[in-house]
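Let me begin by presenting the structure, written as structure tokens, before commenting on it.
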Amino acid sequence: MKEGLVEVVLPGKVEPEGLRIRHGAVPAPGAGQVLIRMEATGVSFAEQQMRRGRYYDQPPYPFVPGYDLVGTVLATGEGVDPGLAGTRVAALLKVGGWASHVLVDAADVVPVPGGLRPAEAETVVVNGITAWQMLNRKARVRGGQTILVHGANGGVGSVLVQLALAAGVRVIGTASARHHDALRERGVLPIDYRTENVAVRVRELAPGGVDAVFDHVGGRGVVDSWRLLAPGGTLVSYGSASTRDDEGSKSWPVLKLLARTWLWNVLPNRRHAYFYNVWGGRALAKDRFRARLRADLTQVFAALQRGDITAQIAAELPLARVADALRLAESGTVAGKVVLNP
Ligand SMILES: NC(=O)c1ccc[n+]([C@@H]2O[C@H](COP(=O)([O-])OP(=O)(O)OC[C@H]3O[C@@H](n4cnc5c(N)ncnc54)[C@H](OP(=O)(O)O)[C@@H]3O)[C@@H](O)[C@H]2O)c1
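Residue numbers (this note's numbering): 128 to 469.
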């Protein structure tokens with residue numbers, strides 16, 4: 128029987144149940160493209176924002192969401208090495224991953240090493256690239272330093288924490304109390320951001336300040352994050368989770384963070400501040416962006432193979448149950464990534 132295309136469509140601002148399943152014909156790869164049969168995709172924080180119309184860079188509705196995926200190359204287009212067919216690859220997409228078959232530029236796929244299950248590899252695509260680049264390219268954290276990671280149990284946070292611990296870094300992490308035992312077991316010093324005064328607790332644990340703060344919460348709290356830095360320290364702001372449910376402009380919270388971090392960075396204060404964007408540099412230098420992404424994701428996969436990081440899979444659900452998957456990811460009751468499979 129011929130394979131058909133199954134994809135999930137986000138028609139507009141809807142509750143998870145408003146997502147639609149669409150059937151169609153499997154597309155053929157164009158020049159420079161590969162056709163991937165999806166084996167695992169996932170629910171990212173971005174989709175929680177997109178269904179509310181709150182992701183700063185989302186396309187107009189309707190569209191197929193899905194920030195990243197892992198799958199096997201089924202067919203190659205003109206100009207692409209036909210030897211790629213049959214290999215397992217990962218890709219960072221922003222949208223389009225929630226589908227049984229996906230067309231991707233061959234230059235954008237990264238090989239997944241043998242021995243990793245698709246769902247495991249999936250948990251570290253956007254989360255792993257983000258964590259790796261913030262840690263090693265932005266903050267350049269070294270062994271012996273102390274860092275503060277907000278949302279230490281989240282998708283990005285848990286990878287970042289593990290990469291840092293493996294490098295001999297001391298990690299303070301914020302999370303709801305129910306995640307504290309798991310964090311302690313991992314070697315993290317947990318703080319409950321819901322009930323404790325985070326700034327006071329961090330100063331107790333690191334009286335001289337911390338060498339880096341990773342902040343996806345945004346809003347006013349980012350000022351505290353900045354103030355907690357030791358001389359020479361770096362703030363990496365990378366999200367605005369606290370404004371997910373706000374009304375009004377979806378760009379304004381991010382623009383404010385960009386302006387703040389820019390200003391802090393240029394003022395003479397012996398500290399650094401950046402807003403990290405996983406897509407940064409792509410428009411200006413696509414080849415360089417691709418080379419860096421490939422190198423960094425390859426390092427993350429190697430860390431996963433070595434056991435420096437473990438894949439945290441909250442649940443695995445079929446694509447047809449995407450509404451349940453999104454509800455679960457938004458419930459705040461699970462740790463790790465909700466993975467979708469065909
Ligand atoms: N800039 C970029 O390029 C980039 C790339 C990837 C991701 N991101 C951002 O990274 C963030 C995390 O994404 P994810 O996929 O890892 O999400 P996730 O798995 O849902 O994790 C979110 C974490 O944030 C915590 N959290 C939620 N609201 C919070 C608040 N108001 N204050 C403090 N902590 C809060 C949650 O903790 P509890 O469960 O304990 O409540 C959870 O640990 C998102 O904001 C996303 O937009 C940015």
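The C-beta atom is built at its ideal place from N, Cα and C for all residues, glycine as well.
Span of the alpha helix (DSSP H) around residue i
{"i": "Gln260", "result": "253–260"}
{"i": "Phe172", "result": "172–177"}
{"i": "Leu355", "result": "Segment: none, Leu355 is in no alpha helix (DSSP H) and carries neither H nor E."}
{"i": "Lys383", "result": "379–393"}
{"i": "Ala456", "result": "449–457"}
{"i": "Pro238", "result": "Looking at the DSSP string, Pro238 is not in any alpha helix (DSSP H); the run it does join, the beta strand (DSSP E), is 236–238."}
{"i": "Pro245", "result": "245–249"}
{"i": "Ala326", "result": "325–332"}
{"i": "Glu312", "result": "307–313"}
Residue i burial status per 10 Å Cβ neighbour count (16 or more: buried)
{"i": "Thr460", "result": "exposed"}
{"i": "Ile148", "result": "exposed"}
{"i": "Thr370", "result": "buried"}
{"i": "Trp353", "result": "buried"}
{"i": "Asp184", "result": "exposed"}
{"i": "Val393", "result": "exposed"}
{"i": "Gly278", "result": "buried"}
{"i": "Thr322", "result": "exposed"}
{"i": "Lys129", "result": "exposed"}
{"i": "Ala389", "result": "A small fix is needed here, since residue 389 is Trp in this sequence, not Ala. Exposed, by the Cβ-count rule."}
{"i": "Ala225", "result": "Inspection of the sequence shows that residue 225 is occupied by Trp rather than by Ala. So Trp225 counts as buried."}
Closer than 7 Å: residue i CB and nearest ligand 1 heavy atom
{"i": "Tyr403", "result": "yes"}
{"i": "His307", "result": "no"}
{"i": "Gly157", "result": "no"}
{"i": "His399", "result": "no"}
{"i": "Ser369", "result": "yes"}
{"i": "Tyr320", "result": "yes"}
{"i": "Ser171", "result": "yes"}
{"i": "Gly206", "result": "no"}
{"i": "Val344", "result": "yes"}
{"i": "Tyr183", "result": "no"}
{"i": "Ser378", "result": "no"}
{"i": "Gly180", "result": "no"}
{"i": "Gly255", "result": "no"}
{"i": "Thr361", "result": "no"}
{"i": "Ser303", "result": "yes"}
{"i": "Gly278", "result": "yes"}
{"i": "Gly300", "result": "no"}
Delimiting residues of the beta strand (DSSP E) encompassing residue i
{"i": "Glu470", "result": "The first residue shown for the chain is 128 and the last is 469, placing residue 470 beyond what the model contains."}
{"i": "Thr425", "result": "Not the beta strand (DSSP E): Thr425 falls in the alpha helix (DSSP H), residues 413–433."}
{"i": "Val288", "result": "Element bounds for Val288: not the beta strand (DSSP E) but the alpha helix (DSSP H), 282–293."}
{"i": "Arg297", "result": "297–302"}
{"i": "Lys464", "result": "464–468"}
{"i": "Pro317", "result": "316–319"}
{"i": "His277", "result": "His277 -> no beta strand (DSSP E), and no H or E assigned at all."}
Original post:
Within the chosen definition, does the stretch 240–248 reach the stretch 426–443 through at least 3 CB pairs nearer than 8 Å?
Top reply: The stretch 240–248 makes contact with the stretch 426–443: 3 or more CB pairs, one atom from each, lie closer than 8 Å.
Subject >> Any 3 or more C-beta pairs closer than 8 Å across the stretch 202–217 and the stretch 133–151 >> reply: Contact fails between the stretch 202–217 and the stretch 133–151, because fewer than three Cβ pairs, one in each stretch, are under 8 Å apart.
**OP:** Examine the Cβ distances between the stretch 263–272 and the stretch 295–303 and report whether three or more of them are shorter than 8 Å.
**Re:** Proximity of the stretch 263–272 to the stretch 295–303 meets the contact definition, three or more beta-carbon pairs being nearer than 8 Å.
Original post:
Touch check for the stretch 153–165 and the stretch 227–235: three-plus C-beta pairs under 8 Å?
Top reply: In the pairwise beta carbon analysis, the stretch 153–165 is classified as touching the stretch 227–235: at least three pairs are separated by under 8 Å.
Original post:
Does the pairing of the stretch 325–343 with the stretch 306–313 give three or more beta-carbon distances under 8 Å?
Top reply: These segments do not touch.
**OP:** Would you be able to state if there are at least three C-beta pairs under 8 Å between the stretch 186–200 and the stretch 374–384?
**Re:** Between the stretch 374–384 and the stretch 186–200, the count of C-beta pairs closer than 8 Å stays below three; the two stretches do not touch.
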